[in-house]
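Some notes on the structure that comes next.
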Amino acid sequence: MFSCYVQPRSGFIPSAVTKVTGLEFHGNVMFYYSQPVPSMQVHRALSEFKDWLDKYNKQQVLVAHNANFDAKIIVQSFKDAKITFPATVCFADTLKLFKAEFPNLPNYKQETLVSVLLKASYTAHNATQDVSTLSDLLDLVADFEHKLNIFSGADITDKLVKLCNEKLYISSYSELIEMNITSIANAIRLAAMGVTVSDLKVAFDRNGTDGLQCLMRESVKRSVDLSKALATYFESEIWDRTKALTSTPFISV
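According to my numbering, the stretch in the sequence shown is residues -11 to 241, in order.
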């Protein structure tokens, strides 16, 4: 098992986090429930983690409960540190697995699963104990290796790009949403693609509703209806009075 304490880039740990994890950071020393523990900077921790993964020289699957959350943090941390995330590493989420295998539980937090299924307790949010108890839980599921939903680091990178684009471009759809020309859901889908309202206008000017449908078909529900509504909007005086946002090149993270 690979395990290490990682020093926060900001140099401090918020009190709310300390209440949950027991971790504090003072004077370049990390404390776990008031006891000093060895720790390292993010870049070194990620480098050592990558070396640990690379030594297996085969595809590995990192299993976690609600792995989508953990995977995004891990992949983004590698990106921020300018360290290549190993192409052989995938992720698997146990949350959906346990929901399918053990229906009608009060909730599916790992602490609840351990309490109900293992009749035990543990120190939640301690990474080593999280991993150990998750392994014990998986032992309750026959042939779990073939039931897990596995996704790659590339899948996570794609999700991070879409989240970044959504934050950058969703504001360009404010008027269209207010006028009920498009739904919030479709606006989010388009923004996630890196498409602004100005980009839609360019597509319309070049090839009319066909241009709009070509741009939206893969991600927007009822793209034909939305194309017609957008065409009416772009041809109206409303668009002429609207100062469109300048189209921004696609940004990756």
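From the three backbone atoms N, C-alpha and C, an ideal C-beta is built for every residue, glycine too. Being a predicted model, the structure only gives us computed values, none of them experimental.
Point to revise | Whole-Å CB distance - S211 paired with Q201, under 8 Å assumed | key: 5 Å
**Study point:** Y221 versus L101, E163, F13 and F139, residue with shortest Cα-Cα distance
**Key:** E163
Practice item. Measure from the alpha carbon of S171 to the alpha carbon of each residue in I71, G15 and S215, then state which is nearest. Key: S215
Exercise for review: Kindly confirm or deny that the segment -5 to 9 and the segment 23 to 40 touch, where touching means at least three C-beta pairs closer than 8 Å.
Suggested key: yes
Practice item. My understanding is that Q98 touches A88, with C-beta atoms under 8 Å, so please give their C-beta distance in whole angstroms. Key: The pair is not a contact, with the Cβ atoms about 16 Å apart (cut-off 8 Å).
Review point. On the three-state DSSP scale, how would you describe V17?
Key: strand
Review point. To which residues of the same chain is V129 closer than 6 Å at the C-beta, ignoring the five residues directly before and after it?
Key: E89
Practice item. Jot down the residue ranges of each uninterrupted alpha helix (DSSP H) in the segment 60 to 105, minimum 4 residues, whole runs only, in chain order. Key: 83 to 89 and 98 to 105
**Study point:** Nearest-angstrom Cβ-Cβ length linking A37 and G141, presumed shorter than 8 Å
**Key:** Rather than Ala, the amino acid found at residue 37 in this sequence is Phe. Not quite, the Cβ-Cβ distance comes to about 13 Å (not below 8 Å), so this is no contact.
Practice item. Mark G182 as exposed unless 16 or more other C-beta atoms lie within 10 angstroms of its C-beta, in which case mark it buried. Key: buried
Check your understanding: Roughly how far, in whole angstroms, is the beta-carbon of Q48 from the beta-carbon of T76, given that I think they are within contact range, below 8 Å?
Key -> 6 Å
Check your understanding: Per DSSP, M28 forms a beta bridge with which residues?
Key -> V(-6)
Review point. Secondary structure at E12, three-state DSSP: helix, strand or coil?
Key: strand
**Study point:** Identified DSSP bridge partners for L50
**Key:** F79
Check your understanding: Is T139 helix, strand or coil when you go by DSSP?
Key -> Before going on, a small fix: residue 139 reads as Phe here, not Thr. Of the three classes helix, strand and coil, the one that applies to F139 here is strand, per DSSP.
Check your understanding: Among all the DSSP beta bridges, which residues are the ones paired with Q23?
Key -> Y20
**Study point:** Classification of V63 by the beta-carbon crowding that lies within 10 angstroms, buried from 16 upward
**Key:** buried
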